[in-house]
Amino acid sequence: MTVISFIRIRPVDIIDILLVTVATYYFLRFIRGTRAIRMLYALLFLVLVGTIARWLDFKALGLIISSLTTVWLVAFVILFQPEIRNLLSRFGRARPIRFLFRPAADSTLVEELVAAAAQLRERKIGALIVVEQEIGLREYTETGSRLEARVSAPLLVSIFTPPSPLHDGAVIISGNQIIAAGCTLPLGEAEPGLGMRHRAAAGITTLTDAVAIVVSETTGNITFARRGRLLINLTPSQLKYNLMQAILKV
Numbered sequence: 001m002t003v004i005s006f007i008r009i010r011p012v013d014i015i016d017i018l019l020v021t022v023a024t025y026y027f028l029r030f031i032r033g034t035r036a037i038r039m040l041y042a043l044l045f046l047v048l049v050g051t052i053a054r055w056l057d058f059k060a061l062g063l064i065i066s067s068l069t070t071v072w073l074v075a076f077v078i079l080f081q082p083e084i085r086n087l088l089s090r091f092g093r094a095r096p097i098r099f100l101f102r103p104a105a106d107s108t109l110v111e112e113l114v115a116a117a118a119q120l121r122e123r124k125i126g127a128l129i130v131v132e133q134e135i136g137l138r139e140y141t142e143t144g145s146r147l148e149a150r151v152s153a154p155l156l157v158s159i160f161t162p163p164s165p166l167h168d169g170a171v172i173i174s175g176n177q178i179i180a181a182g183c184t185l186p187l188g189e190a191e192p193g194l195g196m197r198h199r200a201a202a203g204i205t206t207l208t209d210a211v212a213i214v215v216s217e218t219t220g221n222i223t224f225a226r227r228g229r230l231l232i233n234l235t236p237s238q239l240k241y242n243l244m245q246a247i248l249k250v
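Numbers 1 to 250, taken from UniProt numbering, label the letters of the sequence shown in order.
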């Protein structure tokens with residue numbers, strides 16, 4: 001009788017393995033490209049060395065590795081509080097069935113956003129437009145004035161054109177609707193020389209899965225923000241490509 005014949009795989013075991021696999025995948029996907037990934041490599045190395053030490057019955061080395069692993073876990077929590085907070089924020093505010101209740105975005109939305117960005121760029125009018133994805137942005141829409149109007153390039157341009165009372169804040173879009181304007185967003189990190197709109201775009205796209213468009217009032221440059229990263233000085237066609245990828249998944 002082989003060893004495999006003694007192993008009983010129950011349906012619950014398969015579900016258990018799938019859950020662990022999915023959780024691991026999304027965790028690695030979240031920390032990819034962050035400084036936390038290096039700490040994860042260090043932990044995996046310690047676990048590997050500790051496992052080998054136990055196999056070879058190296059008691060002293062095993063004790064040291066076990067102590068280092070404990071210290072590493074504490075250090076991880078202390079050093080990476082922002083990353084952990086962002087991860088918990090995404091899990092806590094995500095709504096898996098949100099798409100059933102939110103109007104789906106379509107190619108018309110992308111066309112209107114690109115047209116608005118092009119006009120704002122030509123006139124060097126500053127703008128910050130945020131497009132909601134799966135994570136709700138209600139706490140941010142409540143900081144501005146509710147509009148609930150269909151997205152159109154002329155409306156977006158008029159909102160951001162001074163002396164409009166809403167031109168300094170962010171416009172938040174859900175589906176094909178402008179939910180609110182004049183909204184206040186959390187600030188993130190941006191390259192030196194970039195303004196508050198860019199920092200706000202970095203902040204909101206770091207804390208949520210939203211995407212953002214920034215038009216600089218100084219240079220007219222168009223910036224696309226996603227996952228906390230800024231793509232600066234895009235052409236309208238490049239902006240359209242990134243919006244299609246992020247919003248329509250094409």
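All residues carry an ideal CB built from backbone N, CA and C; glycine is no exception.
Just so you know, these numbers come straight off a predicted model, no measurement behind them.
Do residue j and residue i have their beta-carbon atoms positioned less than 8 Å apart in this structure?
i	j	result
A75	G62	no
V130	K240	no
A117	P236	yes
residue 257	T141	Summary: the structure shown does not reach residue 257, with the chain confined to residues 1 through 250, and so no result is reported for it.
L109	V151	yes
G228	G188	yes
E132	S174	yes
G50	S67	no
L44	T69	no
D209	I135	yes
Please go through the same chain and pick out, in chain order, the residues whose beta-carbon is closer than 6 Å to the beta-carbon of residue i, but skip the five residues on each side of it.
i	result
I232	T223
A170	L128, V130, C183 and L185
CB-CB under 7 Å to residue i, same chain, minus the five flanking residues each way: which ones, in chain order?
i	result
R197	G126, L128 and V214
A246	V211 and R226
Q119	A153 and V157
L56	none
E217	K124, I125 and G126
R10	none
residue 266	Limits of the chain in this structure are 1 at one end and 250 at the other, which puts residue 266 out of reach.
From the DSSP output, read off the bridge partner residues of residue i.
i	result
R150	Q177
S145	A181
T223	V214
residue 252	Outside the shown range of the chain (1 to 250) lies residue 252, about which nothing can therefore be said.
Which term fits residue i, buried or exposed, when burial requires 16 or more other beta carbons within 10 angstroms of its beta carbon?
i	result
I172	buried
G193	exposed
E191	exposed
L19	exposed
A60	exposed
F27	exposed
T205	buried
Taking 8 Å as the limit between beta carbons, can you name the residues of its chain near residue i, skipping five residues before and five after?
i	result
R121	V215, G220, N221, I222 and P236
(message) Check whether the region 194-211 and the region 156-167 are in contact - that is, three or more C-beta pairs closer than 8 Å.
(response) Segments in contact, no.
(request) Report yes or no: do three or more beta-carbon pairs, one from the region 135-152 and one from the region 177-190, lie closer than 8 Å? (result) yes
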